[in-house]
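K.L.:
Okay, handing you the structure first.
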Amino acid sequence: MTQSVTSDVAVEVRELTRTFGARKALDKVSFDLPAGAFLSVFGPNGAGKTTLVKVLTTLTAPSKGTAKVSGFDVVADAVELRSRIGLISHNPLLYPDLSAEENLEFFADMYGVPDAEARVRELLVAVELDHRRLDLVRTFSRGMLQRLSIARALLHRPKVLFLDEPYSGLDPHAVEILDNLIAQIRADHTFVMISHDLSKGLALCSHALILAKGKVVLSALREELDEEQFAATYRETVGLGVA
Amino acid sequence: MRQFKAILRKDIVMELRTKEMITSMGIYALLTMVIYQVALSQSGTAFDPRNIAAGLLWLAFVFTSMLGLNRSLVHEKDQGCLEALLLSPVDRPVIFFAKASGNLIFLLIVQVLTIPVFAFLFLQEGSYAGEWWMIPLALFAGAVGISGVGTLLATMSVNTKGKDFVLAVLFVPLMYPLLLAAVSATSAAILGGDGSVQQFWTGMGMMAAFDAIMLLASFALHEFIVGA
Numbered sequence: 160m161t162q163s164v165t166s167d168v169a170v171e172v173r174e175l176t177r178t179f180g181a182r183k184a185l186d187k188v189s190f191d192l193p194a195g196a197f198l199s200v201f202g203p204n205g206a207g208k209t210t211l212v213k214v215l216t217t218l219t220a221p222s223k224g225t226a227k228v229s230g231f232d233v234v235a236d237a238v239e240l241r242s243r244i245g246l247i248s249h250n251p252l253l254y255p256d257l258s259a260e261e262n263l264e265f266f267a268d269m270y271g272v273p274d275a276e277a278r279v280r281e282l283l284v285a286v287e288l289d290h291r292r293l294d295l296v297r298t299f300s301r302g303m304l305q306r307l308s309i310a311r312a313l314l315h316r317p318k319v320l321f322l323d324e325p326y327s328g329l330d331p332h333a334v335e336i337l338d339n340l341i342a343q344i345r346a347d348h349t350f351v352m353i354s355h356d357l358s359k360g361l362a363l364c365s366h367a368l369i370l371a372k373g374k375v376v377l378s379a380l381r382e383e384l385d386e387e388q389f390a391a392t393y394r395e396t397v398g399l400g401v402a
Numbered sequence: 086m087r088q089f090k091a092i093l094r095k096d097i098v099m100e101l102r103t104k105e106m107i108t109s110m111g112i113y114a115l116l117t118m119v120i121y122q123v124a125l126s127q128s129g130t131a132f133d134p135r136n137i138a139a140g141l142l143w144l145a146f147v148f149t150s151m152l153g154l155n156r157s158l159v160h161e162k163d164q165g166c167l168e169a170l171l172l173s174p175v176d177r178p179v180i181f182f183a184k185a186s187g188n189l190i191f192l193l194i195v196q197v198l199t200i201p202v203f204a205f206l207f208l209q210e211g212s213y214a215g216e217w218w219m220i221p222l223a224l225f226a227g228a229v230g231i232s233g234v235g236t237l238l239a240t241m242s243v244n245t246k247g248k249d250f251v252l253a254v255l256f257v258p259l260m261y262p263l264l265l266a267a268v269s270a271t272s273a274a275i276l277g278g279d280g281s282v283q284q285f286w287t288g289m290g291m292m293a294a295f296d297a298i299m300l301l302a303s304f305a306l307h308e309f310i311v312g313a
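Quick note, the sequences are listed as chains D and P, same order.
Take 160 as the starting number for the first sequence in my numbering and just add one per residue.
Take 86 as the starting number for the second sequence in my numbering and just add one per residue.
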């Protein structure tokens, strides 16, 4: 099924619940995110942040409630939605026994990227890995893996990018490259980023959200936020522990 | 079809590069054959190993498959590759059929490597009484069922703590009907004699039915299993 859906709301979440046995990882979470916005999601370990991203990226089915990304339902329109989203995780999501170029060519095939060869080369240059394009990914450092992971996520020109602790374990050079890449594509993409780093998350975001025990504790526009009060609320939620 | 080819090509390239699955499965299968041979070497001349040769062959393939199937999905779990695959705009069954096809190819290669050793150890010169063309047909039909069901169960078990144990516990009981049919068809192929052709085709029919039912069930369940 192919359909054309345009929406000013990039992410629309309604009463989203995801349970694992008796445990509620997400408990009636609701929020909207306009197209072009940058949402930073904060919360303690086990708050449901990664589950939220997994549901929004169609990797996990919701137990109750609905979620739409770019107007596509995460359950009913999952295949169409996947071609419009990208995920950069703390896991590189790359095959260690393929070269950098082979990894990108494989994912270009999976997404049906037009003129794949040129796109792969363009991205390898953008993440400064062109000189290592024929090397096996298992020989890459953490920072290089993350840079290649960024290239993989951007291959098919997704409209909405999910970042699951993308700065985790990066060296300063890799952080700089990631910052530059985000700045370059910021204008025409919507971002949802999970972060434990308050200052980084707040510096990048236009919207902020705190999750704790699977529930939305705070949701606000960045420009309306009192940073001290936000930090105090965040510290309080971290004290709540895992869901 | 593009995505099916991409996944299959990727799996073959990685296997050619690492040779992990074929080497481990091949060596395991050959060692199993040698151990059978040693175990049966003291059984005396009255005992004809041809009578149980088909059973021994399929036991070796079932145990070898479990080893390989787990490895094929472990590769995907490495560094979250399975998630990357599932994020692609492709129907889940395409991923299932591509992975199952890769496993089928690797299992067929191991079968081709193992059969000469099996024939050398258990089928003495002049003792093979059946029709030679029956053997590859029986091996192929059995391998299709093992790869299809095995890939699905390996997908289920790869996220569990004791994945080897979970796969074995689920795989062997589910494989029982296929194993029965495969041993029957292969026995007919090795022993020959009156009624062997009918026995062979009965076994093949059972394997074809098993393959069709299990592949359809795997097709239907794969989306649920990977999304759970």
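All C-beta atoms in this analysis are idealised placements derived from N, C-alpha and C, irrespective of residue type, glycine included.
(1) Could you check whether the Cβ of Met-118 (chain P) sits closer than 9 angstroms to any Cβ belonging to chain D?
(2) If you measure from the beta carbon of Gln-162 (chain D) to each beta carbon in chain P, is any gap under 9 angstroms?
(3) Put Met-86 (chain P) into one of helix, strand or coil per three-state DSSP.
(4) Would you say Gly-278 (chain P) touches the ligand ZN, meaning its beta carbon is less than 8 angstroms from a heavy atom?
(5) I'd like the list of long-range same chain contacts for Leu-283 (chain D), defined as Cβ closer than 6 angstroms, with 5 residues on each side in sequence excluded.
(6) Spatial neighbours of Thr-176 (chain D) within its chain, please: C-beta separation below 7 angstroms, excluding the five flanking residues on both sides.
(7) Hey, would you say Val-179 (chain P) sits closer than 9 angstroms to Gln-122 (chain P), going by beta carbons?
(8) Could you name the residues that DSSP lists as bridge partners for Asp-191 (chain D)?
(9) Verify the CB distance criterion: does Met-106 (chain P) have a CB-CB separation below 9 angstroms to chain D?
(10) Let's test the definition: count the other Cβ atoms within 10 Å of the Cβ of Phe-299 (chain D) and tell me whether it reaches 16, buried, or not, exposed.
(11) If Thr-216 (chain D) sits next to Leu-246 (chain D), beta carbons under 8 angstroms apart, how far is it from one beta carbon to the other, in whole angstroms?
(12) Using DSSP with H/G/I as helix, E/B as strand and the rest coil, what is Thr-349 (chain D)?
(13) Could you pull out every residue in the same chain whose Cβ sits closer than 6 angstroms to the Cβ of Phe-350 (chain D), ignoring the five residues on either side in sequence?
(14) Answer with buried or exposed for Phe-256 (chain P), where buried requires no fewer than 16 other C-beta atoms within 10 angstroms of its C-beta.
(15) Leu-246 (chain D) lies in the beta strand (DSSP E); which residues open and close that run?
(16) Just the Cα atoms here: how many angstroms apart are Leu-322 (chain D) and Ala-183 (chain P)?
(17) So Val-212 (chain D) is in the alpha helix (DSSP H); what residue range does that whole segment cover?
(18) Measure from the alpha carbon of Glu-329 (chain D) to the alpha carbon of each residue in D:Phe-201, D:Phe-179, D:Arg-241 and D:Pro-251, then state which is nearest.
(19) Go through the segment 228-278 of chain D residue by residue and report every complete run of the beta strand (DSSP E) that reaches 3 residues or more, in order.
(20) Mind listing the chain D neighbours of Gln-209 (chain P)? Cutoff is C-beta to C-beta under 8 angstroms, in chain order.
(21) Anything in the segment 167-201 of chain P with a Cβ closer than 7 angstroms to a Cβ of chain D? List those residues in chain order, please.
(22) For the putative contact between Leu-276 (chain P) and Gly-227 (chain P), defined by C-beta atoms under 8 angstroms, what is the C-beta separation to the nearest angstrom?
(23) Could you tell me how far apart the beta carbons of Ala-239 (chain P) and Leu-158 (chain P) are, in whole angstroms, since I believe they sit closer than 8 angstroms?
(24) Hey, does Met-241 (chain P) have any beta-carbon neighbour from chain D nearer than 9 angstroms?
(25) So that I know if they touch, is there some Cβ in chain P lying closer than 9 angstroms to that of Thr-216 (chain D)?
(26) Taking only beta-carbon atoms, is Pro-255 (chain D) less than 9 angstroms away from chain P?
(27) Shorter than 9 angstroms from the beta carbon of Asn-250 (chain D) to some beta carbon of chain P?
(28) For Ala-333 (chain D) versus Met-303 (chain D), is the C-beta spacing smaller than 9 angstroms?
(29) Quick one: is Lys-104 (chain P) buried, meaning 16 or more other Cβ sit within 10 Å of its Cβ, or exposed?
(30) With DSSP as the reference, please indicate the residues paired to Ile-200 (chain P) in a beta bridge.
(31) Quick check on the DSSP output: the beta strand (DSSP E) that includes Phe-321 (chain D) runs from which residue to which?
(32) Can you give me the start and stop residues for the beta strand (DSSP E) that Leu-377 (chain D) sits inside?
(33) Measuring CB to CB, does Leu-237 (chain P) end up less than 9 angstroms from His-160 (chain P)?
(34) DSSP state of Thr-219 (chain D), grouped into three classes?
(35) Distance, Cα to Cα, Leu-264 (chain P) vs Leu-263 (chain D)?
P.N.:
Reading from the atomic positions:
(1) The residue labelled residue 118 (chain P) in the question sits at position 33 within the second sequence. Between Met-118 (chain P) and chain D, the shortest Cβ-Cβ separation is not below 9 angstroms.
(2) Start at 1 with the first residue of the first sequence, and residue 162 (chain D) comes out as number 3. For Gln-162 (chain D), the predicted structure reports a pLDDT of 41, less than 50, and the residue's modelled location is therefore unreliable. A value from the coordinates is still provided. Output row for Gln-162 (chain D): interface = no.
(3) Within the second sequence, numbered from 1, the residue matching residue 86 (chain P) stands at position 1. Coil at Met-86 (chain P), not helix or strand.
(4) The ligand ZN is not among the ligands present in this structure, which contains no ligands whatsoever.
(5) Walking along the first sequence from the start, residue 283 (chain D) turns up at place 124. Same-chain partners within the cutoff: Asp-289 and Arg-292.
(6) Position 17 of the first sequence, counting from 1, holds the residue named residue 176 (chain D). Within the same chain, Thr-176 (chain D) has close Cβ partners Lys-183, Leu-185, Asp-186, Lys-187, Pro-221, Ser-222, Lys-223 and Gly-224.
(7) Here residue 179 (chain P) corresponds to residue number 94 of the second sequence, with the count starting at 1. Here residue 122 (chain P) corresponds to residue number 37 of the second sequence, with the count starting at 1. No.
(8) In the first sequence, residue 191 (chain D) corresponds to position 32, counting from 1. According to DSSP, Asp-191 (chain D) bridges with D:Glu-171.
(9) Counting from one through the second sequence, the residue named residue 106 (chain P) turns up at place 21. Taking Cβ atoms only, chain D never reaches closer than 9 angstroms to Met-106 (chain P), which makes this a no.
(10) Walking along the first sequence from the start, residue 299 (chain D) turns up at place 140. Burial call: buried.
(11) Position 57 of the first sequence, counted from the start, is the residue given in the question as residue 216 (chain D). Position 87 of the first sequence, counted from the start, is the residue given in the question as residue 246 (chain D). About 5 angstroms; that satisfies the 8 angstroms criterion.
(12) In the first sequence, the residue the question calls residue 349 (chain D) occupies position 190. The three-state secondary structure of Thr-349 (chain D), taken from DSSP, is strand.
(13) As a working mapping, residue 350 (chain D) is identified with position 191 in the first sequence. Excluding sequence neighbours, Phe-350 (chain D) sits near Phe-197 and Leu-320.
(14) Numbered from its first residue, the second sequence carries residue 256 (chain P) at position 171. So Phe-256 (chain P) counts as buried.
(15) As a first step, residue 246 (chain D) must be located in the first sequence, where it is residue number 87. Leu-246 (chain D) -> beta strand (DSSP E) spans 244-247.
(16) Within the first sequence, numbered from 1, the residue matching residue 322 (chain D) stands at position 163. Within the second sequence, numbered from 1, the residue matching residue 183 (chain P) stands at position 98. Between Leu-322 (chain D) and Ala-183 (chain P), the alpha-carbon positions lie close to 29 angstroms from each other.
(17) Against the first sequence, residue 212 (chain D) aligns to sequence position 53. Here the alpha helix (DSSP H) through Val-212 (chain D) covers 208-215.
(18) Translated into the one-based positions of the first sequence, residue 329 (chain D) becomes position 170. Checking the displayed sequence, the identity of residue 329 (chain D) turns out to be Leu instead of Glu. Among D:Phe-201, D:Phe-179, D:Arg-241 and D:Pro-251, the Cα nearest to that of Leu-329 (chain D) belongs to D:Pro-251.
(19) Listed in chain order, the complete beta strand (DSSP E) runs (minimum 3 residues) inside the segment 228-278 of chain D are 244-247.
(20) Counting from one through the second sequence, the residue named residue 209 (chain P) turns up at place 124. Residues of chain D passing the Cβ test: none, with the nearest at roughly 42 angstroms.
(21) Against chain D - using a Cβ distance shorter than 7 angstroms - the residues of the segment 167-201 of chain P are Glu-168, Ala-169, Leu-171, Leu-172, Ser-173, Pro-174, Val-175 and Asp-176.
(22) Stepping through the second sequence from its first residue, residue 276 (chain P) is reached at position 191. Stepping through the second sequence from its first residue, residue 227 (chain P) is reached at position 142. With a beta-carbon spacing of about 17 angstroms, Leu-276 (chain P) and Gly-227 (chain P) fall beyond the 8 angstroms limit used to define contacts.
(23) To locate residue 239 (chain P), count along the second sequence from 1; it is residue 154. To locate residue 158 (chain P), count along the second sequence from 1; it is residue 73. Rounded, the Cβ-Cβ distance is 5 angstroms, consistent with contact.
(24) The count along the second sequence starts at 1 and reaches residue 241 (chain P) at position 156. Answer no: the Cβ-Cβ gap between Met-241 (chain P) and chain D never drops below 9 angstroms.
(25) For the purposes of this step, residue 216 (chain D) is taken as the residue at position 57 of the first sequence. Judged by the 9 angstroms Cβ criterion, Thr-216 (chain D) is in contact with chain P.
(26) Residue numbering aside, residue 255 (chain D) sits at position 96 when the first sequence is read from its first letter. The C-beta of Pro-255 (chain D) comes closer than 9 angstroms to at least one C-beta of chain P.
(27) Here residue 250 (chain D) refers to the residue found at position 91 when the first sequence is read from its first residue. Yes - at least one Cβ of chain P is within 9 angstroms of the one on Asn-250 (chain D).
(28) Here residue 333 (chain D) refers to the residue found at position 174 of the first sequence. Here residue 303 (chain D) refers to the residue found at position 144 of the first sequence. Against a cut-off of 9 angstroms, the Cβ pair of Met-303 (chain D) and Ala-333 (chain D) comes out as a contact.
(29) Locating residue 104 (chain P) in the second sequence gives position 19, counting from the first residue. Exposed.
(30) As a first step, residue 200 (chain P) is located in the second sequence; it is residue number 115 there, counting from the start. Ile-200 (chain P) pairs with nothing; no bridge assigned.
(31) Walking along the first sequence from the start, residue 321 (chain D) turns up at place 162. Taken as a continuous stretch (DSSP letters only), the beta strand (DSSP E) holding Phe-321 (chain D) covers 319-323.
(32) Numbered from 1 along the first sequence, position 218 holds the residue referred to as residue 377 (chain D). 374-380 is the span of the beta strand (DSSP E), which, as asked, contains Leu-377 (chain D).
(33) The count along the second sequence starts at 1 and reaches residue 237 (chain P) at position 152. The count along the second sequence starts at 1 and reaches residue 160 (chain P) at position 75. Result no, Cβ atoms of Leu-237 (chain P) and His-160 (chain P) do not sit closer than 9 angstroms.
(34) The residue you call residue 219 (chain D) lines up with position 60 of the first sequence. It is coil, neither helix nor strand.
(35) To locate residue 264 (chain P), count along the second sequence from 1; it is residue 179. To locate residue 263 (chain D), count along the first sequence from 1; it is residue 104. Whole-angstrom Cα-Cα distance: 41 angstroms.
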